[in-house]
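Q:
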Amino acid sequence: MKKNIFERSGKEKQVFKDEKYLYPEFVPERLPHRDREIDALVYGFNPLVKGGKPHNFFVVGPTGVGKTACVKYVLNELQEYSDRAKALYLNCFEFNARHAILSKIANFLGAPVPRRGIATDEIYSRFLEALKKADFSPVIVLDEVDQLLLKADGSKLLYDLLRVVEYERARVALVLISNDIELTAKLDSRVRSSLTEEKIVFESYTPAQLKDILRERASFAFLSGALGEEVIPVAAAHAARLGGDARIAIESLLKAGREAEKENSGKVEVKHLKKSFESVDAVSLLKGIRHLNESEALLLKLIAEKPGIFSGELFKAFGGKTEPLSERRLRDLLNGLEKKNFVFSEQVSLGNKGKTRSFSCRLPREPLMRELNRNQ
Ligand SMILES: Nc1ncnc2c1ncn2[C@@H]1O[C@H](COP(=O)(O)OP(=O)(O)O)[C@@H](O)[C@H]1O
Ligand SMILES: [Mg+2]
1 MKKNIFERSG KEKQVFKDEK YLYPEFVPER LPHRDREIDA LVYGFNPLVK GGKPHNFFVV
61 GPTGVGKTAC VKYVLNELQE YSDRAKALYL NCFEFNARHA ILSKIANFLG APVPRRGIAT
121 DEIYSRFLEA LKKADFSPVI VLDEVDQLLL KADGSKLLYD LLRVVEYERA RVALVLISND
181 IELTAKLDSR VRSSLTEEKI VFESYTPAQL KDILRERASF AFLSGALGEE VIPVAAAHAA
241 RLGGDARIAI ESLLKAGREA EKENSGKVEV KHLKKSFESV DAVSLLKGIR HLNESEALLL
301 KLIAEKPGIF SGELFKAFGG KTEPLSERRL RDLLNGLEKK NFVFSEQVSL GNKGKTRSFS
361 CRLPREPLMR ELNRNQ
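So for the sequence shown, the UniProt record's numbering puts the first residue at 1; every next one is plus one.
#1: Which of the three DSSP states, helix, strand or coil, is assigned to L174?
#2: What does DSSP give as the partner residues of S349 in its beta bridges?
#3: Give the single residue among K301, H291, A256 whose Cα lies nearest to the Cα of S279.
#4: Can at least three beta-carbon pairs, one atom from the region 103-112 and one from the region 40-59, be found at a separation below 8 Å?
#5: Touching or not, the region 26-39 and the region 206-218, by the rule of three or more beta carbon pairs under 8 Å?
#6: Around ligand 2, which residues pass a check of Cβ closer than 7 Å to any of its heavy atoms?
#7: Sorted by chain position, which residues of the same chain lie with C-beta nearer than 8 Å to K301's C-beta, five sequence neighbours on each side aside?
#8: Output yes or no for whether 8 Å exceeds the beta carbon distance between A85 and L48.
#9: Is G250 near ligand 1, with its Cβ less than 7 Å from a heavy atom?
#10: Does at least one heavy atom of ligand 1 sit under 7 Å from the Cβ of G319?
#11: Tell me whether R370, by its Cβ, gets closer than 7 Å to a heavy atom of ligand 1.
#12: Whose C-beta lies closer than 6 Å to the C-beta of L187 among residues of the same chain, with five residues either side of it excluded?
#13: Check whether the Cβ of I213 sits closer than 7 Å to any heavy atom of ligand 1, and report yes or no.
#14: Could you compute how far the alpha carbon of L174 sits from the alpha carbon of L161?
#15: Report yes or no: do three or more beta-carbon pairs, one from the region 336-349 and one from the region 241-254, lie closer than 8 Å?
#16: What does the alpha-carbon distance come out to for the pair A236 and A249?
#17: Between G257 and ligand 1, is there a pair consisting of the residue's CB and a ligand heavy atom that are separated by less than 7 Å?
#18: When you compare each of V27, F26, E25, R36 to E203 by their alpha carbons, which one comes out closest?
#19: Taking 7 Å as the cut-off, is the CB of G64 close to at least one heavy atom of ligand 1?
#20: Which residues in the same chain have their Cβ closer than 7 Å to the Cβ of Q14, if we skip the five residues on either side of it in sequence?
#21: Please give the ranges of any alpha helix (DSSP H) in the region 201-236, keeping only runs that are unbroken, at least 4 residues long and fully inside the region.
#22: Among residues of its own chain, excluding the 5 on either side of R215, which ones have a beta-carbon nearer than 8 Å to its beta-carbon?
#23: Thinking C-alpha only, which one of L253, K267, E263 is nearest L273?
#24: Tell me, to the nearest whole angstrom, how far the beta carbon of G288 is from that of T63; I am working on the premise that it is less than 8 Å.
#25: By DSSP, does C361 sit in helix, in strand, or in coil?
#26: Looking at ligand 1, does it come within less than 7 Å of E216, judged from the CB to the closest heavy atom?
#27: Could you tell me which of Y81, K353, S219, N46 sits nearest to K20, measuring between CA atoms?
#28: Just checking my contact of V59 with I177 at CB under 8 Å: how many whole Å lie between their CB atoms?
#29: Assuming F136 is part of the alpha helix (DSSP H), what are its boundary residues?
#30: By a C-beta neighbour count over all protein chains shown, 10 Å radius and 16 as the cutoff for buried, is L75 buried or exposed?
#31: Taking DSSP as the reference, what is the three-state secondary structure of D83?
#32: In terms of alpha-carbon separation, which member of R192, E366, I200 lies closest to L286?
#33: Could you check what DSSP says for N293 in three-state terms: helix, strand or coil?
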């Protein structure tokens, strides 16, 4: 009888025990090197367990440093511990319109909201009513909240919520997560105070920390002995160079494992990892574009439009498009883009005029521009 093409021959050498532990959406039970951040969240949510008013949080830090994972982990624990607490998680890439978000929240609070034919302001008043009546303590998480500030409608929603939290003295806790350190500065000073209440800054991981994280995840995902000794240190060093991003580190391990299974080699080695770097890098860099702030995105665009552009030219071009930056600030932004591996720079001699730096993108122009334009 003909064998089905999906049937395994039995000769494949597996390396994974269960690869799902390396999926980006998997929420681990242990998050090494995030004790301080987790404790701060637990402390802030504590009053909520007793029916009191919890803190609001502003969670901020670069991409891939465990912001989403820590918040989700703490909220899972909270809801398991107390019937009183219920959390609603919304990612603002997915939900960024006032209408959609208010509907979600009103529904979550137990107010029936028809899907069609209801004005946004009507939903807003239903939301306020439901909030007063709710027999549990709601926690609302807005992840990637900077996405809301791109449009007037989204900003209005954010202000609605902040005002409710600030003035109505509601028992609702708001958790805003962002990779934009300057987010609070962009907000109106009247609502800023409700946010600065509890700010938790997540720093990039060091190579040693990334190693611990990878070891932890790998112990669940791989069969024992399936990982070559050098694989984790190399993956950690690589991700550290790309800005201390745990997502890149974990994803490269997953791809390396798949590569090893494809080759049927029975063991993951550095050569598999190196192969995985290329695909992970391009994909995660492109994804990372959504996390750039406005100034960084504009700079990247200017560099993509003219590979090899000098820093002086960038300074002028930037000033022509938006408010001029200080040279110092421009240098910081460029260093940041280089550290995150979006661009690379070279020293250029200008003869008797001294030296300057030229900048070029590390990504192919076309997908890069597409991604940058998508985010405007
Ligand atoms: N300390 C950690 N231990 C284990 N896994 C982690 C840790 N920090 C981050 N991760 C994992 O790395 C990936 C990126 O983390 P995430 O929370 O999404 O980052 P952020 O929200 O800051 O961009 C996720 O798959 C997450 O599970
Ligand atoms: Mg996140």
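Backbone N, C-alpha and C fix where the C-beta goes; we use that ideal spot for every residue, glycine too.
A: The answer reads as follows:
#1: DSSP places L174 in strand when its eight states are reduced to three.
#2: Residue pairing from DSSP places S349 in a beta bridge opposite K355.
#3: Selected option, being the one with the closest Cα: A256.
#4: In short, these stretches do not touch, since the Cβ pair count stays below three.
#5: The answer is yes - the region 206-218 touches the region 26-39, with three or more Cβ pairs under 8 Å.
#6: Counting every residue whose Cβ lies closer than 7 Å to a heavy atom of ligand 2, we get K67, T68, D143, E144, I177.
#7: Scanning its chain for C-beta atoms nearer than 8 Å, with the 5 sequence neighbours on each side dropped, one finds around K301 the residues M369, L372, in chain order.
#8: By the CB criterion at 8 Å, A85 and L48 fall inside the cutoff.
#9: For the record, residue 250 in the displayed sequence is Ile; it is not Gly. Indeed, a heavy atom of ligand 1 lies less than 7 Å from the Cβ.
#10: No, the Cβ of G319 stays beyond 7 Å of every heavy atom of ligand 1.
#11: For ligand 1, no non-hydrogen atom lies closer than 7 Å to the CB of R370.
#12: Nothing meets the Cβ criterion.
#13: For I213, the distance from the CB to the nearest heavy atom of ligand 1 is below 7 Å.
#14: Distance from the CA atom of L174 to the CA atom of L161, rounded to whole angstroms, is 8 Å.
#15: Using a Cβ-Cβ distance cut-off of 8 Å, the region 336-349 and the region 241-254 are in contact, since at least three pairs of beta carbons, one from each stretch, lie closer than that value.
#16: If you take the alpha carbons of A236 and A249, they lie about 6 Å apart.
#17: No, the Cβ of G257 stays beyond 7 Å of every heavy atom of ligand 1.
#18: With respect to the C-alpha of E203, the residue from V27, F26, E25, R36 having the closest C-alpha is R36.
#19: Yes - ligand 1 has a heavy atom lying nearer than 7 Å to the Cβ of G64.
#20: Answer for Q14: L223, E261, listed in chain order.
#21: The region 201-236 is shown to contain whole alpha helix (DSSP H) runs of 4 or more residues at 207-221, in chain order.
#22: The beta carbon of R215 is closer than 8 Å to those of I232 in its chain, skipping five residues each way along the sequence.
#23: Residue L253 is the option with its Cα nearest to L273.
#24: Your pair G288 and T63 checks out as a contact, with CB atoms roughly 6 Å apart and the cut at 8 Å.
#25: Strand.
#26: Here the distance from the Cβ of E216 to the nearest heavy atom of ligand 1 is below 7 Å.
#27: Residue S219 holds the alpha-carbon nearest to the alpha-carbon of K20 among Y81, K353, S219, N46.
#28: Taking 8 Å as the upper bound for CB-CB distance, V59 and I177 are in contact here, some 5 Å apart.
#29: That residue, F136, is in no alpha helix (DSSP H); it is neither H nor E in DSSP.
#30: Buried, since its Cβ has 16 or more Cβ neighbours within 10 Å.
#31: Note: D83 maps to coil in three-state DSSP.
#32: When each option's Cα is compared against that of L286, the closest is E366.
#33: Here N293 sits in coil by DSSP.
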